[in-house]
Amino acid sequence: MVSPEQVNTSTNVNRLLAGLTRRDREQVLAGCTRVVLSGGMILVEAGEAMAQVYFPIDCTICLTTPTETGIQLGVSLIGYEGMLGTTLSTGIAMLQVRASVQEGGDAWRISRNKFMLLLATLPLLQRRVFSYLHLTLDYLVRKSVCCQFHLLEARLAYWLLMVHDRVDEDAFELTHQMLADLLGVRRVGITLAARALQSRGLISYRRGTITILDREGVMAAACTCYGVSEAAYERLLG
12 MVSPEQVNTS
22 TNVNRLLAGL
32 TRRDREQVLA
42 GCTRVVLSGG
52 MILVEAGEAM
62 AQVYFPIDCT
72 ICLTTPTETG
82 IQLGVSLIGY
92 EGMLGTTLST
102 GIAMLQVRAS
112 VQEGGDAWRI
122 SRNKFMLLLA
132 TLPLLQRRVF
142 SYLHLTLDYL
152 VRKSVCCQFH
162 LLEARLAYWL
172 LMVHDRVDED
182 AFELTHQMLA
192 DLLGVRRVGI
202 TLAARALQSR
212 GLISYRRGTI
222 TILDREGVMA
232 AACTCYGVSE
242 AAYERLLG
């Protein structure tokens, strides 16, 4: 359970919850437990029913889908702007993708049953969850186009910006193999793309840690997909 002091601390609330009225937010957080999620932790496997809903605070959750080669292809990234469990709003508990923690940190966790009850009794929560689900579907459509037509270096810059937007620091842990799997390309391709960004002084890479040195430069290097979903989020949920 969460104390009133914790509920009223803005740093403890992700943006999806922050847009609720104070009364609704307190009601949601009263049923939540703050948990620490470690990087690499698998929250739900593909084909499993979700028992818990997560609202990230300063962690990131990556959704991936298995391929025939055994690689987990990146689908989407969830941070403090969203939640894991949107499909519950449609009555579907089964997750068709794997949800694992990419960047460790804190999150609010609530049981599926409690969350479903809150959805039924809090209209504003329901509207915000539906809006976030809409934004997620819109992003997935755009991502499919991105994978077909945009260069790897631009796609890599886009993904790095997505991670950077969701963490508090310029440096975060991401190996070339992880990025290769997430973007569905060979590791050598990521190495070359990262080397190109590093040679221009935009990022640095060492021992599995990527540091954003010039965010404006990375934005210029990213494909035009970056900023579209972010602007849509501000319109619907900001």
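Just remember that my numbering sits 11 ahead of the position in the sequence shown, which is counted from 1.
Beta carbons are placed, not taken as given, at the ideal position from N, Cα and C, and that holds for glycine.
**OP:** Could you tell me the distance, in whole angstroms, from the CA atom of alanine 110 to the CA atom of tyrosine 65?
**Re:** For this step, residue 110 is matched to residue 99 along the sequence shown. For this step, residue 65 is matched to residue 54 along the sequence shown. Looking at the two C-alpha atoms, the distance is approximately 11 Å.
**OP:** Have a look at the DSSP bridge pairing and note the partners of cysteine 73.
**Re:** Looking up residue 73 in the sequence shown gives position 62. DSSP, once it has assigned bridges, lists Leu88 and Ser111 as partnering cysteine 73.
Original post:
Based on Cα-Cα distance, which residue from Ala131, Gly212, Val196 and Leu213 lies nearest to histidine 161?
Top reply: Within the sequence shown, numbered from 1, the residue matching residue 161 stands at position 150. For histidine 161, the nearest C-alpha among the options comes from Val196.
Subject >> Whole-angstrom distance between glycine 58 and leucine 193, CA atom to CA atom >> reply: Locating residue 193 in the sequence shown gives position 182, counting from the first residue. Locating residue 58 in the sequence shown gives position 47, counting from the first residue. Approximately 19 Å between the Cα atoms of the pair.
Subject >> Residue span of the beta strand (DSSP E) that contains aspartate 117, given as start and end >> reply: On the sequence shown, position 106 is the one that residue 117 refers to. In this chain, the beta strand (DSSP E) harbouring aspartate 117 covers 116 to 122.
Subject >> Alpha-carbon to alpha-carbon, leucine 135 and lysine 125 >> reply: Here residue 125 corresponds to residue number 114 of the sequence shown, with the count starting at 1. Here residue 135 corresponds to residue number 124 of the sequence shown, with the count starting at 1. Going by the C-alpha atoms only, they are around 16 Å apart.
Subject >> Limits of the unbroken beta strand (DSSP E) element including isoleucine 68 >> reply: Within the sequence shown, residue 68 is the residue found at index 57, counting from 1. Premise fails: isoleucine 68 is in no beta strand (DSSP E) and is neither H nor E.
Original post:
In its own chain, which residues sit with a C-beta less than 8 Å from the C-beta of serine 100, not counting the 5 before and 5 after it?
Top reply: Mapped onto the sequence shown, residue 100 falls at position 89. Taken in chain order, the residues that qualify are Leu130, Gln137, Val140, Phe141 and Leu144.
**OP:** Would you decide whether methionine 105 is buried or exposed? Buried here means 16 or more other CB atoms lie within 10 Å of its CB.
**Re:** For this step, residue 105 is matched to residue 94 along the sequence shown. That one is exposed.
Subject >> For leucine 233, three-class secondary structure by DSSP >> reply: Position 222 of the sequence shown, counted from the start, is the residue given in the question as residue 233. Checking the displayed sequence, the identity of residue 233 turns out to be alanine instead of leucine. Of the three classes helix, strand and coil, the one that applies to alanine 233 here is coil, per DSSP.
Original post:
In three-state terms, what does DSSP make of leucine 248?
Top reply: What you label residue 248 is simply residue 237 of the sequence shown in a count that begins at 1. If DSSP states are grouped into helix, strand and coil, leucine 248 belongs with coil.
Original post:
Helix, strand or coil for arginine 34 per DSSP?
Top reply: Along the sequence shown, read from residue 1 onward, the residue named residue 34 stands at position 23. Arginine 34: helix per DSSP, three-state reduction.
Subject >> Assigned exposure category for alanine 191 - 16 Cβ within 10 Å defines buried >> reply: On the sequence shown, position 180 is the one that residue 191 refers to. The residue is buried, with at least 16 neighbouring Cβ atoms inside 10 Å.
Subject >> Range of the contiguous beta strand (DSSP E) that encloses glutamate 164 >> reply: Residue mapping note: residue 164 aligns to position 153 of the sequence shown, counting from 1. Per DSSP, glutamate 164 is not a residue of any beta strand (DSSP E); the alpha helix (DSSP H) it occupies stretches across 163 to 177.
Original post:
Should alanine 168 go down as buried or exposed, given a rule of 16 or more other Cβ atoms within 10 Å for buried?
Top reply: Position 157 of the sequence shown holds residue 168. Buried, by the Cβ-count rule.
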